[in-house]
Ligand code: HSE
């Protein structure tokens with residue numbers, strides 16, 4: 001059996017406005033992970049790109065936790081790990097870097113230990129590490145996913161929209177941990193706010209399934225998490241508004257933020273520039289990247 005494998009995992013944008021902890025889209029931005037199982041003890045880590053110099057080479061690294069989860073479940077005897085990462089997904093910005101790390105570790109270790117686990121089982125394991133399925137599901141499966149937890153199990157729907165669209169991801173220079181962005185959320189919400197989100201989420205999934213993209217504008221509205229997170233992201237309201245004024249189909253916080261996302265079928269550059277400018281007005285440096293839907297999810301490279 002080979003002892004080395006390379007995998008590629010897409011970044012993801014979760015929530016998509018109202019679909020908190022449920023909706024996710026795989027995006028054309030990737031991390032590559034080469035995993036080698038060794039006989040010598042210890043963890044060796046090389047990182048190029050995002051996270052170089054920051055990612056720890058110990059058990060607090062989620063790739064390591066994911067690899068060890070597979071090794072423990074399969075009873076594999078590897079003593080040490082070598083991890084070589086080439087990362088393009090920015091860390092702690094709301095583009096699914098931790099989901100990509102977890103999925104990369106699980107998929108690579110599963111491949112090296114005899115492919116004991118199905119994609120569904122890997123999704124269960126990834127969700128157990130991440131805590132919610134909305135990023136890990138599209139990272140494994142590609143496309144657009146809706147996932148729920150039922151009695152500790154993940155149930156999901158995965159689909160591709162019938163029409164193409166672009167996603168303009170505007171990435172501010174500062175990062176924001178998901179933990180911090182979840183701390184500001186309330187324990188309960190007013191009933192009308194719950195109704196508001198149920199109706200928008202239904203409309204969002206309907207719009208994405210049918211290609212009725214003009215419905216994205218109202219369908220991306222949210223009252224469950226974005227209003228509470230807005231104070232953590234200087235200029236958020238103005239940046240989202242700038243996207244819509246520049247012709248976006250709709251705009252929302254990407255995952256837990258701080259990245260902001262606009263959906264577009266034209267003018268993507270103009271939308272990106274307008275959003276960066278609105279961040280700059282609020283004294284935040286930012287850049288934009290134009291993404292499409294990744295259709296494959298995690299893949300084995302070699
Ligand atoms: N659904 C999660 C949140 C996504 O908004 O907190 C972050 O990983």
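In UniProt numbering, the protein residues as written are 1 to 302.
Just so you know, even glycine gets a beta-carbon here, dropped at the ideal spot from N, CA and C.
Next on the checklist: With a threshold of 6 Å (Cβ to nearest heavy atom), would residue 197 be considered close to ligand 1?
Outcome noted: For ligand 1, not one heavy atom lies less than 6 Å from the Cβ of residue 197.
Next on the checklist: So, at 8 Å on beta carbons, what are the nonlocal neighbours of residue 160 in its own chain, with the 5 sequence-adjacent residues on each side left out?
Outcome noted: Excluding sequence neighbours, residue 160 sits near 143, 144, 293, 295.
Checklist entry - Which partner residues of residue 30 appear in the DSSP bridge assignment? => result Answer is 10.
Item to check | Per-residue burial, residue 40 [other beta carbons within 10 Å of its own, 16 or more giving buried] | outcome: Classified as exposed, residue 40 has fewer than 16 neighbouring CB atoms from the shown chains inside 10 Å of its CB.
Next on the checklist: Output needed for residue 90: all residues of its chain with C-beta closer than 7 Å, excluding positions within five of it in sequence on either side, in chain order.
Outcome noted: Answer for residue 90: 50, 97, 171, listed in chain order.
Item to check | Beta-carbon spacing of residue 267, residue 247 below 7 Å | outcome: Taking the C-beta atoms as reference points, residue 247 is found nearer than 7 Å to residue 267.
Checklist entry - Apart from the five residues just before and just after residue 238, which ones in its own chain have a Cβ nearer than 6 Å to its Cβ? => result If the five residues before and after residue 238 are omitted, its C-beta is found closer than 6 Å to the C-beta atoms of 278, all from its own chain and listed in chain order.
Item to check | Exposure label - residue 117; buried when at least 16 CB within 10 Å | outcome: It counts as buried.
Checklist entry - Do residue 28 and residue 291 have their C-beta atoms closer together than 7 Å? => result Yes. Within cutoff.
Next on the checklist: Any heavy atom of ligand 1 inside 6 Å of the beta-carbon of residue 93?
Outcome noted: Checking every heavy atom of ligand 1 against the Cβ of residue 93, none is found closer than 6 Å.
Next on the checklist: What would DSSP say about residue 191, mapped onto helix, strand or coil?
Outcome noted: DSSP places residue 191 in helix when its eight states are reduced to three.
Checklist entry - Given a threshold of 16 other Cβ atoms within 10 Å of its Cβ, counted over all protein chains shown, does residue 226 qualify as buried or as exposed? => result It counts as buried.
Checklist entry - Does any heavy atom of ligand 1 sit closer than 6 Å to the C-beta of residue 255? => result Yes - ligand 1 has a heavy atom lying nearer than 6 Å to the Cβ of residue 255.
Checklist entry - Would the beta-carbon of residue 22 fall within 7 Å of that of residue 134? => result Yes; because the gap between Cβ atoms is below 7 Å, this pair is in contact.
Checklist entry - What do you reckon, is the C-beta of residue 178 under 6 Å from a heavy atom of ligand 1? => result Yes; taking the cut-off as 6 Å, the Cβ of residue 178 has a heavy atom of ligand 1 nearer than that.
Checklist entry - Since residue 279 is in the alpha helix (DSSP H), which residue starts that stretch and which ends it? => result Note, residue 279: alpha helix (DSSP H), 268-281.
Item to check | Ordered list of beta strand (DSSP E) runs contained in the stretch 143-219, each at least 3 residues | outcome: Secondary structure within the stretch 143-219: the beta strand (DSSP E) runs of 3 or more consecutive residues, fully enclosed, are 144-150, 153-159, 166-172 (chain order).
Checklist entry - Can the beta-carbon of residue 107 be found closer than 7 Å to that of residue 298? => result Taking 7 Å as the Cβ cut-off, residue 107 and residue 298 qualify as a contacting pair.
Checklist entry - Within the present structure, is the beta-carbon of residue 222 separated from the nearest heavy atom of ligand 1 by less than 6 Å? => result Outside the cutoff, so no.
Next on the checklist: Could you give the first and the last residue of the continuous beta strand (DSSP E) run that contains residue 228?
Outcome noted: Note, residue 228: premise wrong, no beta strand (DSSP E); alpha helix (DSSP H) at 226-229.
Checklist entry - My guess is that residue 100 and residue 11 are in contact by the Cβ rule of under 8 Å, so how many angstroms apart are they, rounded? => result Going by Cβ atoms, the distance from residue 100 to residue 11 rounds to 6 Å, so yes, they are a contact pair.
Item to check | residue 286, DSSP secondary structure in three states | outcome: Three-state DSSP puts residue 286 in a strand.
Checklist entry - CA-CA distance, residue 77 and residue 87? => result Going from the Cα of residue 77 to the Cα of residue 87 covers about 28 Å.
Next on the checklist: Let me confirm a value: residue 18 is counted as buried when at least 16 other C-beta atoms fall within 10 Å, else exposed. Which label applies?
Outcome noted: With 16 or more neighbouring CB atoms inside 10 Å of its own CB, residue 18 falls in the buried class.
Checklist entry - Can you give the beta carbon distance from residue 123 to residue 136, rounded, assuming they're within the 8 Å contact cut? => result Sure, about 6 Å apart at Cβ, within 8 Å.
Item to check | Within the UniProt domain "GHMP kinase N-terminal" (61-143), ranges of the alpha helix (DSSP H) (whole runs, at least 4 residues) | outcome: Fully enclosed alpha helix (DSSP H) runs of 4 or longer: 62-74, 97-112, 119-130, 136-141.
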